[in-house]
Each structure stands twice: as structure tokens, then as C-alpha cells.
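A short write-up of the structure that comes next.
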Amino acid sequence: MKLREKRKPTMIKKPSVIVPLEEYEGLQETLDILSDNDLVKSIFKSLNEEAPRISHEKLTKAK
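To convert, count from 1 in the sequence shown and add 9; that's my numbering.
Written out as C-alpha cells, the structure is:
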């Protein structure tokens, strides 16, 4: 099953969603982060800092 592929289960009587495990775990992690107000404030503070940034590509090539 492709990510974001929509299917309607036929054997289940109530509305439901089938999500690949990896995507479900990612959603859970996102919810955990967003439910922590201090962490969210810290993330936004870091994003707004005027510090030089290193791209993910440069960071992974350095190893």
C-alpha cells in the first residue's frame, strides 16, 4: 500500500482508517511533540534565531 493511498474497508461497520505502521508511529511522535508546550516553544524559538544553519545534506556528508 502506498503512503496516502485511500481505501474504504468493506468488512468494518464503522468509519475507520488503515495506516502503515511507520506512518502511524510518525503521527504519534508528532502528537507527543505538539502536546508538550515547552518543547514547541523551544522549537519555535530555535527556528527564529539568527544563527547560521547547516543543511541536512551538509551535515550528513561531514560524517
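Where a beta carbon is used, it is the ideal one built from N, C-alpha and C, also for glycine.
What residue range does the alpha helix (DSSP H) around residue i cover?
i, result
"S55", "46 to 57"
"I42", "30 to 43"
"K70", "65 to 70"
Which residue's Cα is closest to the Cα of residue i: the options?
i, options, result
"E14", "V28, M20, P24", "V28"
What distance in whole Å lies between the Cβ atoms of residue j and residue i, which are believed to be in contact at a cut-off of 8 Å?
i, j, result
"L43", "V49", "6 Å"
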